[in-house]
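Mapping to UniProt numbering: the sequence shown position 404 is 404, numbers consecutive.
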Amino acid sequence: MTNHATPARSSAELIRVEEATLAHNYHPLPVVVARAEGAWVEDVEGRRYLDMLAGYSALNFGHRHPALVEAAHRQLDRLTLTSRAFHNDRLAGFAEGLAELTGLDMTLPMNTGAEAVESAIKVARRWAYRVRGVPEERATIVVAEGNFHGRTTTIVGFSDDPDARDGFGPFTPGFRTVPYNDLAALEAAVDHTTAAVLIEPIQGEAGVVIPDDGYLAGVRELTSRAGVLCIADEIQSGLGRTGTTLAVEHEGVLPDLLLLGKALGGGIVPVSAVVGRRDVLSVLTPGSHGSTFGGNPLAAAVGTAVLDLLRTGTYQRRATELGRVLDAGLASLVGAGVLAYRCRGLWAGVDIDPAIGTGRAIGERLLHDGVLVKDTHGSTIRLAPPLTITEDELTAAVESLAKALR
Ligand SMILES: Cc1ncc(COP(=O)(O)O)c(C=O)c1O
1 MTNHATPARS
11 SAELIRVEEA
21 TLAHNYHPLP
31 VVVARAEGAW
41 VEDVEGRRYL
51 DMLAGYSALN
61 FGHRHPALVE
71 AAHRQLDRLT
81 LTSRAFHNDR
91 LAGFAEGLAE
101 LTGLDMTLPM
111 NTGAEAVESA
121 IKVARRWAYR
131 VRGVPEERAT
141 IVVAEGNFHG
151 RTTTIVGFSD
161 DPDARDGFGP
171 FTPGFRTVPY
181 NDLAALEAAV
191 DHTTAAVLIE
201 PIQGEAGVVI
211 PDDGYLAGVR
221 ELTSRAGVLC
231 IADEIQSGLG
241 RTGTTLAVEH
251 EGVLPDLLLL
261 GKALGGGIVP
271 VSAVVGRRDV
281 LSVLTPGSHG
291 STFGGNPLAA
301 AVGTAVLDLL
311 RTGTYQRRAT
321 ELGRVLDAGL
331 ASLVGAGVLA
341 YRCRGLWAGV
351 DIDPAIGTGR
361 AIGERLLHDG
371 VLVKDTHGST
381 IRLAPPLTIT
391 EDELTAAVES
401 LAKALR
């Protein structure tokens with residue numbers, strides 16, 4: 001019999017083919033990953049790398065966590081997709097679990113983070129017209145400078161990052177931008193047209209920008225007082241990353257709508273959700289919103305297994321404890337190639353001295369040393385390892401960073 005299996009291709013060749021056949025909307029580091037387990041990935045040639053990005057926090061539980069892989073396998077053997085035209089036997093348990101974990105009532109299941117954000121915008125607008133009494137077509141949503149909420153035309157329309165916006169207009173009206181971490185500016189922007197304030201509790205893409213203590217509680221107080229919705233985008237900050245299940249917990253805040261994604265799919269399938277108050281999500285009626293894949297049984301099974309992992313508290317605890325190790329390691333690099341850093345749990349934005357190199361250049365040096373990181377905005381790199389990383393691995397990664405800065 002003829003063997004029709006494609007011969008293995010080298011990393012260099014695969015990168016050449018990608019260059020020719022894929023849209024250039026990313027500028028990946030030159031590594032072609034073929035296998036992974038836990039905090040480690042392996043490239044086509046068998047070289048191993050410590051993953052200090054974890055799929056932008058989609059891999060909070062590491063690559064191929066056994067409990068998540070098992071949940072996926074079990075579900076693959078039983079039922080994968082029904083569409084919401086019918087019920088499936090996994091969705092109810094997933095929604096119950098989300099309500100229990102968050103303290104909110106109901107879930108609108110979607111797939112990607114951007115879809116969750118889009119869905120929340122629709123819910124907030126309808127709620128504004130039907131419940132708050134905002135004049136038709138006048139609803140506004142207040143957002144923060146430096147925000148990152150995804151890539152759809154509506155969402156990039158209220159981004160202030162030229163790379164994300166340029167050439168994609170005209171944009172959806174109805175958004176007001178205020179400086180992040182500025183309660184007075186937020187208060188001034190809220191008026192009788194406001195439907196909601198949409199905020200990242202920590203701005204990940206902007207470089208892990210952590211607001212002052214009291215800011216999130218202030219946003220909650222202000223939105224409650226004004227009678228507008230508080231929407232927390234925890235797609236990157238949530239699900240254990242910062243040492244608590246949700247980053248808003250650091251200030252005891254419960255938003256009206258909570259946006260989850262990334263790690264909710266366990267690094268296996270795209271799963272996102274708008275979790276919210278019953279009286280808010282109840283503005284959606286049959287036909288007003290939907291998604292063929294949202295809430296599919298495979299997503300719900302994996303999502304439920306993710307919630308089971310979070311319920312143990314192990315990952316939140318690890319993020320807190322190892323976060324101290326990361327924080328101390330980064331503190332020792334300030335003045336030695338690092339200008340400043342921000343760290344909460346196992347999540348850090350590190351500003352590299354531009355005299356030493358761009359974030360990209362440091363990322364390439366780390367790659368050669370077997371550590372994967374990604375730059376964000378010029379000279380900042382973001383560290384977000386799997387929460388399953390060991391202390392020794394984390395320490396080794398910080399030592400590699402120190403070496404890359406020399
Ligand atoms: C805070 C935040 N919101 C939304 C998104 C968009 O998620 P997705 O890429 O799954 O659409 C991201 C992605 O990085 C994010 O960090």
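Where is the CB? At the ideal position from N, CA and C, for every residue including glycine.
Taking Cβ positions, are residue i and residue j nearer each other than 9 Å?
i	j	result
residue 407	A39	Summary: the structure shown does not reach residue 407, with the chain confined to residues 1 through 406, and so no result is reported for it.
S282	P109	no
S159	G204	no
S272	L260	yes
K403	R360	no
L239	N60	yes
M52	V338	no
G295	N88	yes
L14	V44	yes
G174	R165	no
R74	G267	no
N181	V209	yes
G265	L98	no
A301	F94	yes
E96	H149	no
E187	R220	no
T112	P354	no
A184	R176	no
A319	T376	no
L401	I356	no
E42	A54	no
With DSSP as the reference, label residue i as helix, strand or coil.
i	result
P109	strand
V271	coil
G303	helix
R130	helix
E145	coil
H73	helix
V334	strand
I155	helix
L405	helix
L326	helix
A340	strand
G97	helix
T140	strand
L260	strand
I121	helix
D392	helix
residue 475	Look at the range of the chain in this structure, 1 to 406, and you will see that residue 475 is not part of it.
D161	coil
A114	helix
D351	strand
G265	helix
T2	Residue placement at T2 is poorly supported in this model, since its pLDDT is 46, which falls under 50; the coordinates are not used for a value here.
So, under 8 Å CB-CB, residue i and residue j are touching, yes? Tell me the CB distance rounded to an integer number of Å.
i	j	result
A195	R125	6 Å
I231	D256	7 Å
I155	I141	Not really, about 11 Å apart at Cβ, beyond 8 Å.
L309	E391	20 Å between Cβ atoms; not a contact.
L229	V275	About 13 Å; that fails the 8 Å criterion.
L326	L76	Between L76 and L326 the Cβ distance is about 36 Å, and since that is not below 8 Å, they are no contact.
T223	V197	5 Å
A226	E234	With a Cβ gap of about 22 Å, A226 and E234 do not count as contacting.
V31	Y49	7 Å
V134	T193	6 Å
G329	T285	Not confirmed; about 52 Å, so no contact.
P144	Y129	Looking at the sequence itself, residue 144 is Ala, so the reference to Pro does not match. Not quite, the Cβ-Cβ distance comes to about 24 Å (not below 8 Å), so this is no contact.
Q316	T388	Contact flag wrong, Cβ pair sits at about 13 Å.
F363	V373	The residue you asked about is not Phe; residue 363 is Gly in the sequence shown. Confirmed, about 5 Å.
L101	L254	Not confirmed; about 12 Å, so no contact.
When the cut-off is 9 Å and only beta carbons count, does residue i lie next to chain B?
i	result
D256	This model lacks chain B altogether, as it is built from one protein chain only.
At least three beta-carbon pairs within less than 8 Å, the segment 372–386 to the segment 332–350: yes
For the segment 170–225, list the alpha helix (DSSP H) runs that are entirely contained and at least 4 residues long, ordered along the chain. 183–189
Contact the segment 329–340 vs the segment 100–117: 3+ CB pairs below 8 Å: No, they do not touch.
Taking only runs of the beta strand (DSSP E) that begin and end inside the segment 13–90, which ones reach a length of at least 3 residues, in chain order? 33–37, 40–43 and 48–51
At 4 residues or longer, what runs of the alpha helix (DSSP H) sit wholly inside the segment 222–248? Counting only runs of 4 or more, we get nothing.
Any alpha helix (DSSP H) of 4 or more consecutive residues that is wholly inside the segment 358–382: 359–368
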